[in-house]
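Data block below; observations after.
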Amino acid sequence: MYPQQGKTSVPRRRLRPPGCHEHQGIFDMNFTSAHFCNRVLGKASKLIQRSFIPVGIQSAVHRARIGIVQHYLTQQYGSLINAYQPLVKDPAELNLPADKIIWVCWLQGLDHAPEIVKKCIANLQLFHGEDCTIHLITLENYKNFVTLPRHIEEKFEKKLMKPAHFSDVLRLCLLAKHGGAWIDSTVLILKKLPDDVFNEQFFTLKSHSYSTISSISLGKWTTFFLQARRGYTPVLFLRDLLIQYWQGHDKELDYFLFDHAISIAYQHFPEFKYQVDHLGYFGNHRHLLMPLLLTEYSAEAASPINEDPVQIYKLTYKIDSTHTVPQHSFYQHYIK
């Protein structure tokens, strides 16, 4: 069901991430050394973020981590990259009708979801219950929509694979087969999504604001809000890369493995890069609400939200229960 490579055949070349050169001596890196280097640099990064070390040095450490992870992945999956390169521009694929489907997932089921998750899902139903087919994906029903490779299910069952990484594979399989929009269950929308979200071959949130010491996407995409036409070639590549990765590994090289995979697709597939680059900066203020959630609500404090033309906000259900919440908080206003 999930081929090791596509139909295209091009001359193979040795792949390397930007900024990585042969004289650096990191070719033929194995998983153990890549994982070790990434962990060491990750711990170093956390330490220097608490110090007065210039941001430029912190950014350099972060870029080194990205280089190591993506070098290993391009080294291991160069044949898969080559098989999907160049992208096949099939007119039948490009002219597929928009898939007005929204996928949202809470693996344990809605009855066991936190209040924030229930509210986020309720708002999707409120604004798109009539014009979209909304599927809540759980462990009980996902097999009704896709068949995952057995090694993915086994590694998740044995807790070798975190729920987040299982969800990454699940969303790619759903989008590859059915198309539609994957919206994380902690994304709160306060108005209807524009038609452009569903009309593009590929759509994601973009932002001018990102951290140079932690961002992999550089604001160009998110993994928690993705729309793609069914059978969209870059999504097939991402699906196959993660499936092959977990076939050969029992733990993640980096927690943000999905972001690294998208970055590799962005670097090596010019058509995908063009599609991403030509999307507007939609959702630029997606982190606006979360810092306010447990603070006192007022019309003045809420004005940036009310003036936001997009009103899509990434939240988290992990809220400090010891935090004192004002009686009239943003949480009360938007979640209760």
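Residues 15 to 350 (the working numbering) make up the sequence shown, in order.
Note that beta-carbon positions come from the ideal geometry of N, C-alpha and C, so glycine has one too.
Since the model is a prediction, treat every value here as computed from it, not as a measurement.
With a contact defined as Cβ atoms closer than 8 Å, residue 160 and residue 191 qualify at about 6 Å. Between the region 136-150 and the region 222-232, the count of C-beta pairs closer than 8 Å stays below three; the two stretches do not touch.
A straight line joining the alpha-carbon of residue 193 with that of residue 183 spans about 14 Å. Boundaries around residue 281 are those of the alpha helix (DSSP H), 271-282, since no beta strand (DSSP E) includes it.
Spatial neighbours of residue 250 in its own chain (CB-CB distance under 7 Å, excluding positions within 5 residues in sequence) are listed in chain order as 190. Residue environment for residue 52: buried (at least 16 other C-beta atoms within 10 angstroms of its C-beta). Counting only residues of its own chain and dropping the five nearest sequence neighbours on each side, residue 80 has a CB closer than 8 Å to the CB of 31, 230, 274 and 277. Within the model, the alpha-carbon separation for residue 258 versus residue 175 is close to 14 Å.
If you draw a 10 Å sphere on the C-beta of residue 50, you find fewer than 16 other C-beta atoms in it, and that means exposed. For residue 120, there is no enclosing alpha helix (DSSP H), as DSSP marks it with neither H nor E. With the rule of 3 Cβ pairs closer than 8 Å, the region 319-333 counts as touching the region 199-219. Along the region 172-236, the beta strand (DSSP E) occurs as fully enclosed runs of 3 or more residues at 194-197, 201-203 and 216-218, listed in sequence order. Residue environment: residue 313 is assigned as exposed (fewer than 16 neighbouring CB atoms within 10 Å of its CB, all protein chains considered). Residue 46 sits exposed, since fewer than 16 C-beta atoms from the chains shown fall within 10 Å of its C-beta.
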